[in-house]
Each structure stands twice: as structure tokens, then as C-alpha cells.
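Protein chains in written order, with numbering that gives the first Met the number 0: chain D, 0 to 418; chain R, 0 to 418. The beta carbon of each residue, even a glycine, is placed where N, CA and C say it ideally should be. These notes are about the structure you will find just below.
Number of protein chains: 2
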Amino acid sequence: MDTSYNFLFDLALILLCTKLLGLATKRVNMPQVVGALLAGLLLGPACFKILKTTTFINNCAEIGVIVLMFCAGMETDIDELKKSGKASFLIALIGVIVPLLGGLGIGFIFNKPSLIESNATCTPLLENIFIGIILTATSVSITVETLKEMGKLKTQAGNAILGAAIIDDILGIIALTIVTSFADPNVKIGLVLLKILGFFVFIGVIAVAFTFIYKKKYVNVKKGLHRHAILAFVFCLLLSYIGEVFFGVADITGAFFAGLIISSTQRTKFLASKFDTLSYLFLSPIFFASIGIKVELKSMSVAVVIFAVVLTIIAILTKIVGCGVGAKICGYTTKEALQIGTGMISRGEVALIVANKGQSAGLLGDNFLGPIVIVVVITTIITPILLKLVFKIGPVRQVSSSNSLGQGYEEIDHYRVGN
Amino acid sequence: MDTSYNFLFDLALILLCTKLLGLATKRVNMPQVVGALLAGLLLGPACFKILKTTTFINNCAEIGVIVLMFCAGMETDIDELKKSGKASFLIALIGVIVPLLGGLGIGFIFNKPSLIESNATCTPLLENIFIGIILTATSVSITVETLKEMGKLKTQAGNAILGAAIIDDILGIIALTIVTSFADPNVKIGLVLLKILGFFVFIGVIAVAFTFIYKKKYVNVKKGLHRHAILAFVFCLLLSYIGEVFFGVADITGAFFAGLIISSTQRTKFLASKFDTLSYLFLSPIFFASIGIKVELKSMSVAVVIFAVVLTIIAILTKIVGCGVGAKICGYTTKEALQIGTGMISRGEVALIVANKGQSAGLLGDNFLGPIVIVVVITTIITPILLKLVFKIGPVRQVSSSNSLGQGYEEIDHYRVGN
């Protein structure tokens, strides 16, 4: 049988199963993302072994997550971020430090030749720090989808989660970049930091140039044209590529800032609706399924299984505690602090990307990859469930300002109604 | 430098260049498809050698052409086709036979190892027939746009062109299906014909089942939901895959019939708008560019250049003569017959789709792809120019009926305004 057309079948299967399982999880009041992840797990080598990752699936998944982050950037209200910036920064900072220490600690206990053998090429200390770095990641997309489905995005807690998640991303990327730079003895730390600084200067220059050109040429053009959507996509892809290849920053960071730059224009709503179609009809089912497909539950020793269980618990608790404490310090109620902490649990694609990078840089032994994938899957599945619980506890404070951070999300919400 | 992110750069470059060159060709009153093709030619090994085909580009291009054919199927008005059927059928039939013979004839002359070496895996006869089949294609979209601009779409000639173009598509697909089935030399002819028959029976069964289920469950659901678009996509992909793998029929044939089956539902407009976005924002630029990228003009010997020139002349003349004779037989005036024939010259994306299919099936040597791209580009550029000339000759008969065939095209026009 001709196998060169298998990608058509793979795509049909991914679209069908993510949607069917998504609708099934929606039936039992869980977000559709959980169904999409489960579809990947079931289809992949971990279960029925029908699908395996291919170049096509990998590349489309990568573009899928880039488009998701691009949309997240477009839908971010910069003015509101500036206002809620201080609180978000503190929540993110403590929410990064506590999981980092948690990961480091559990690494110290388990990362011994007598318990779990590691084939990492770096020192055990650096490997343990790296495990901590993986735990700092936050994948806000699942939380955003869940809050949107529940209609809780425009709450004080929802607002804080969005702001903190953005800063968390930036902190995580800085930490990742610094630690990976230790793996290569030839790379100088100063150069790495300079590159990160260079990226933000680059983004700043692009933002100023963009605003200048836009104001000059397009501010009075009301109609949304094909070319605007295509040029926006090109802009997003180029910033992703340049960030990754020239500045050593994750491509999704570039995509996010591309969206952030465009968010100031009048045409965001038109663009968001177009990229929403591209995303739900093609790219994001592939991305979510691909996470599940990547999981390979190889034969794990007892110590590795115990490590996986403890790591998962640590991953969940450290985010709730870290972000919760940060929120309490910033004057949020205990309920809200719990909601914020819960909203930050999901590690999703970010942790996988970080772990992947670490493994190829010799910072993470193969034995640790399985447990980390389990952490990602469980935290991603559990976040929507826990979010539903903690938002049921009591009444939530809605955001009074019409300029809330969630605003953009609610506005484009009608495109997503009736998934 | 990390090359694993090159697909992002490739995609950005394809989107940017196809759009910029598309807008440039539009400026000089030529269709944007020409610009998109030129972009691929310029970026590919034929010119600047910046891009080469990758698995990612190939797979996305394949899905792109599947979606194009799916949309073409959805936009076909079966009822209207039945009404104007007889005249349109005769025009289309003679307009298919004459170019087929023309292509076959010129193939006989040029397709010899002493003139043009072919690396096709089939017999020279089959390859020559395939060249003929490519010449049978008609891309009506360029003619429709030109006639609309001139205000001549609702003329007798305009009506005949539309009807004939649709039937031309179907005849072309049947011819393509039969010829591609013969590509494998080990296959028995009886079995091939049985498989093709089986495919049409299969499509018939699916169509009946679809109509039954649709009427039972969905006929009263007016709202267009995400799941409908996704399920329609799954339907299209599965029919493409099943057609190709189990019946040996081109995947685009499956996609076209999937669209034709869906065209009878109330939700076609909603679906068409969603797939239009997916197409213009991501898939179809990759498809059109990929055709150009596949062309290697360096390998064009003098014989190939002469072949390209003669093939272009044959392509233009055979359509004018074939369709013109058909129109005369059906009682159109000589002027109208000339107008109808001229309106069918453009080969556009349809010929590219067919050529692409033939090349990957081993029915068309690499040396013939360049000349065919040249035929497509020249016939596409020349059609609007010739149409303007032949419609200037004298007064035209307007269509009195408000139910003219052009109606459907006018309705879906708002999706395409402002490219």
C-alpha cells in the first residue's frame, strides 16, 4: 500500500479524534483541550500505536503553537499589563523560584547512581537545577481556554493569571537560556545575556518601526484585507525564526511579541478571527495531539515511577504555593490566590520544549524524560479540573474596567462559541 | 546555525513573496495566481535557489490542492448545471477532445530520447496522452473575473463559458483518473476500470448516506459550528485518502466529489468561507509556490524551449477551435463562438494540479514540467487580454433570466473581494 499519502489519513484521524474526544470531555464539563491531549495519547505509541510523530506533524504542531502564542500576544492588552504589572511580576517571580527550588530538591534526592542512573554530560548539580527550570514553566493556553469556556477570564484572578503567565514565560526563557549556556563550555555567559538583551532591543526597535509605518500608512484603512492577514502571519513567523536562530530565544517568545506589537492596531479583531479559523480548523488540533503522541511510556524502574509521582506532586504544589503566596502579598484574597496558583499549574508545551532542549544539550538524562512527560500530561489534564473546582468555591470579583486584560479574549469569543 | 527551524523561514518567505508578486501582477491587470507561480519560480532552484522542496512543503501543498478542489466541488451548482447542460456539455466535450488530440500529437513529435529525454516511468504513449490531458484543463476563475470587470458575465457567451467550464472540470477529472490508474505497469486494465467504477459506486453510496444522515439530523441546524467545518475537512481528507489508496483514483478527485456532495447542504457558504481562510492564509500559497519551486529551468535544452513555444500555441488554438466549434454547433453566432473559445483558454491552477499529479505518479517527465508551467503562465496572462479584444468586436446578447449560471459566482464573490 502506498504510504506516501499517510499524512492525509493521520491528519483526518487527528482532526476527528481531537474533536470527538474534545466534545466528549466538554460533555463532562472538562475543557476540550483535555480531550485533544487524550486523543494524542490514545493514538500515539503510549496506547494504540496508530500514529507516530512525523516531520509533517512536528512542523505543523510547531506552527500551531506559534499561532497560539501569536494570538495570545494579539489579545493581550498592553495598557492593562502595565497597570497590573507589579502584582503579576511578583506572582510570576515567586511562582518561578518555588518550583525551581522544589525541582532542585527532588533532584538531589533521586538523582544518584544508586537510585536513578543519569547519562547527562553535565554535573549532577546542573542537572538538578535543570529539573527545577523545567518545573518553572507555565503553559497559559490551557488555562485561558478553560477560563474562557467558564466565562471567568474577566475576573481579577483571570487577569492576574494572564499577566503572571506572560512574565513567567519571559523569566523562564531567561533561566533556560542561562542554564543551557552552561552546558556548552565554549559559550560565554556574558554573550548569552547580551543576546537576550539584544533580542529585547530588537523587539523594541521593531515595535517602534511597526507603529511608525502603521500610523503613516494604514491607520485609516478600516477594511480587513487578505494581505493584512498574510503580512501579519509573515511578521509572526519571521520574529519567531529570528528570535530562535539569531538570539537563542524560544520561537514562541518571538511569536508572542509579534502578536503584542500588532495588538495595538485597529485590525486585531479581524486578524484574530482569521487566525482563529486557521488554528481550530487545522493547526491547533495537530499541536495538542502531538503532545500526547510524543509520550512513550518505556519500561520504567520502580525508582523512576516513584520519582514521577513525587515530581508531579511537587510540580502541582510548588506552583499553587509559589504563585499563591505572591498573590497574597499583592493583596488578593485567599480564594483568588488559590485560583491564581491553580491557573499556573499547567506545564504544557513549554515544559516539553524546555526538556527537549535540555536533553539534546546533555543537561537531562534519558531516564528523567519519561517522568517529565508524565508531569506535563497530568498537570495539563488536572489544571482545568482543579480550575473548575476552585472557581466554584465562592463569588469572584469581576474586572470593572472595560479595558481588562481578558477583554480581547471575550471579544473574539463569539468565534469560538459552539465548538 | 540551527537548521531545524528553517521551515518557519521557508513558510514566511513563501507567504510574503506569493502575496507581493500576486499584488504586483494584479496591478498590471493580471491574475494573482501568475504572481504566486512566479514567486515559486524565483525562490526555487530555477532562479535564486533560496528554497527547495521539503516534506513539509510537499505535504502542505498536497493538502492545499485538496482544499482547492474541495472548494471547487462545494461551489458547483448541480441544479443549474442540469438546466444549461446540453449546450455546455457539447462545448466542453469538443473543447476537451481537441486539446487532448493536440497535446497527444505534439507529444508524439517531441517526446523522443533524441529530442526531449523523459524520466517518466510509464510508456511514451501514456505520457503523451497525459500531456493532452493537461491541455484539456480550464481555469474559469480568471475568465469570470475578467468578464465581471467588463460587465459581460451575464451574456449568452458568458453563461456558456461558465457551464462548459464546470463540465470541463468533471470530464478532465474522469480523464485524469483513468490515465493515472494506468501509471502502474503491473496493473491489469480490467481491474483499473473496475476500481474506477467501484470508486464512483462508493461516491454514490456515500452521497446517498450523507444526504440521508444530513436530512435526518442537521437540516434544521442553521448555525455554522466549528465541528461542522472540522467534520467537513475530515470527510474531504478521508475521501481523498480512500480514493487514492484503495481505488487508485487521484486524491483531488476524492476531494472534488466530497465538495460536490456537501454542495447540496445549507451550510456551504459558511464552510466555503472557513476553507477560503485556511486556503489563502496558509495552504494555497504553499501549493502555488511549490509548483514553481519544482521547476528547474536550467535543464531546458533548445528542444524543450521549442516544445514550450509550440505547446503554448497549441494550447491556445485548440481551446478556441474546440470550444468554438462546439458553440457553433449549438447555434451560437460566430462572434459568440470566438468569445466562448477565448474564455476557455486559461489553464490556471487546474493544469498545474493535473501536471503535479502526473509528475508524482511517474506519468510526466521532469523536463516537461517547465514548458507546462510556461503554458499555464502565458495562457493565464493572455486570456484577459484576448477576452477584452473579442468582446469589443460587436454587440453581445445579454441573458434575460435572473437565474443565470453566473449567479452563484456573484454570491460567493464577497469572500474574495480585496485580495
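{"Check": "Cβ-based burial, L170 of chain R [other Cβ within 10 Å; buried from 16]", "Outcome": "buried"}
{"Check": "Simplified DSSP state of T142 of chain D, which is helix, strand or coil", "Outcome": "helix"}
{"Check": "Exposed unless 16 or more other CB atoms sit within 10 angstroms - verdict on S113 of chain D", "Outcome": "exposed"}
{"Check": "Span separating the alpha-carbon of A11 of chain D from that of E348 of chain R", "Outcome": "25 Å"}
{"Check": "I132 of chain D versus A174 of chain D: straight-line alpha-carbon distance, rounded", "Outcome": "7 Å"}
{"Check": "Contact check, T120 of chain R vs G361 of chain R, beta carbons under 8 Å", "Outcome": "yes"}
{"Check": "Rounded straight-line distance, which links the Cα of V207 of chain R to that of F211 of chain D", "Outcome": "57 Å"}
{"Check": "Element boundaries [alpha helix (DSSP H), containing T52 of chain R]", "Outcome": "From DSSP, T52 of chain R is part of no alpha helix (DSSP H); its letter is neither H nor E."}
{"Check": "Cβ separation of T54 of chain R and D9 of chain R, assumed to be a contact under 8 Å, to the nearest whole Å", "Outcome": "The Cβ separation is near 12 Å, so there is no contact."}
{"Check": "Environment of V301 of chain R [buried if 16+ CB atoms lie within 10 Å]", "Outcome": "exposed"}
{"Check": "Short-range partners of chain B found in the stretch 231-262 of chain D, where Cβ spacing is below 8 Å", "Outcome": "In the structure shown, chain B does not exist; the protein chains are D and R."}
{"Check": "Host alpha helix (DSSP H) of A35 of chain D (start-end)", "Outcome": "Q31 to L42"}
{"Check": "Nearest-angstrom Cβ-Cβ length linking L37 of chain R and G43 of chain R, presumed shorter than 8 Å", "Outcome": "About 11 Å separates the two Cβ atoms, so there is no contact after all."}
{"Check": "Classification of D168 of chain D by the beta-carbon crowding that lies within 10 angstroms, buried from 16 upward", "Outcome": "buried"}
{"Check": "Beta-carbon separation (whole angstroms), S117 of chain R vs N366 of chain R, contact threshold 8 Å", "Outcome": "6 Å"}
{"Check": "Proximity test, Cβ basis, 8 Å: Y213 of chain D and chain R", "Outcome": "no"}
{"Check": "Under 8 Å between C-beta atoms of T317 of chain D and I373 of chain D", "Outcome": "no"}
{"Check": "Cα-Cα separation between V308 of chain D and R346 of chain D, rounded to whole angstroms", "Outcome": "15 Å"}
{"Check": "Alpha-carbon to alpha-carbon, A163 of chain R and G407 of chain R", "Outcome": "Because the pLDDT at G407 of chain R is just 40, under 50, the model does not fix this residue reliably, and the value given afterwards should be weighed accordingly. Each residue's alpha carbon lies about 15 Å from the other."}
{"Check": "Chain R contact residues for A436 of chain D, given Cβ-Cβ distances below 8 Å", "Outcome": "No information on residue 436 of chain D is available, as it lies outside the stretch 0 to 418 that chain D covers here."}
{"Check": "Whole-angstrom distance between K111 of chain R and I290 of chain D, CA atom to CA atom", "Outcome": "52 Å"}
{"Check": "Range of the contiguous alpha helix (DSSP H) that encloses S117 of chain D", "Outcome": "Note, S117 of chain D: premise wrong, no alpha helix (DSSP H); not H, not E."}
{"Check": "8 Å Cβ cutoff met for F145 of chain D and P383 of chain D", "Outcome": "Looking at the sequence itself, residue 145 of chain D is Thr, so the reference to Phe does not match. Cβ distance < 8 Å, so T145 of chain D and P383 of chain D count as in contact."}
{"Check": "Distance CB(F390 of chain D)-CB(K151 of chain D) smaller than 8 Å", "Outcome": "yes"}
{"Check": "Listed by chain order, chain R residues near N58 of chain D by CB distance under 7 Å", "Outcome": "F6 and F55"}
{"Check": "Integer-rounded CB distance, given that I292 of chain D should sit under 8 Å from G39 of chain D", "Outcome": "5 Å"}
{"Check": "C-beta contact flag for S262 of chain D and G72 of chain D at 8 Å", "Outcome": "yes"}
{"Check": "Distance between beta carbons of M68 of chain D and K387 of chain D, contact taken as under 8 Å", "Outcome": "The pair is not a contact, with the Cβ atoms about 25 Å apart (cut-off 8 Å)."}
{"Check": "Cut-off 8 Å between Cβ atoms - residues of its own chain near G101 of chain D, not counting five sequence neighbours on either side", "Outcome": "G131, L134, I313, A314, L316 and T317"}
{"Check": "Validate contact between the stretch 273-284 of chain D and the stretch 224-234 of chain R using beta carbons, cut 8 Å, 3 pairs", "Outcome": "yes"}
{"Check": "Residue-level contact to chain D via CB, I202 of chain R, 8 Å cutoff", "Outcome": "no"}
{"Check": "Chain-order list of residues whose beta-carbon lies under 6 Å from that of S239 of chain D (same chain, five-residue window excluded)", "Outcome": "I65, D250, G253 and A254"}
{"Check": "Proximity of A136 of chain R and A350 of chain R at Cβ, strictly below 8 Å", "Outcome": "yes"}
{"Check": "Closest residue to V143 of chain R among R:L14, R:V320, R:E126 and R:L161 (Cα-Cα distance)", "Outcome": "R:L161"}
{"Check": "T276 of chain D, buried or exposed, once every other Cβ within 10 Å from all chains shown has been counted against 16", "Outcome": "buried"}
{"Check": "Own chain partners of N28 of chain R with C-beta closer than 8 Å, once the 5 adjacent residues on each side are dropped", "Outcome": "P383"}
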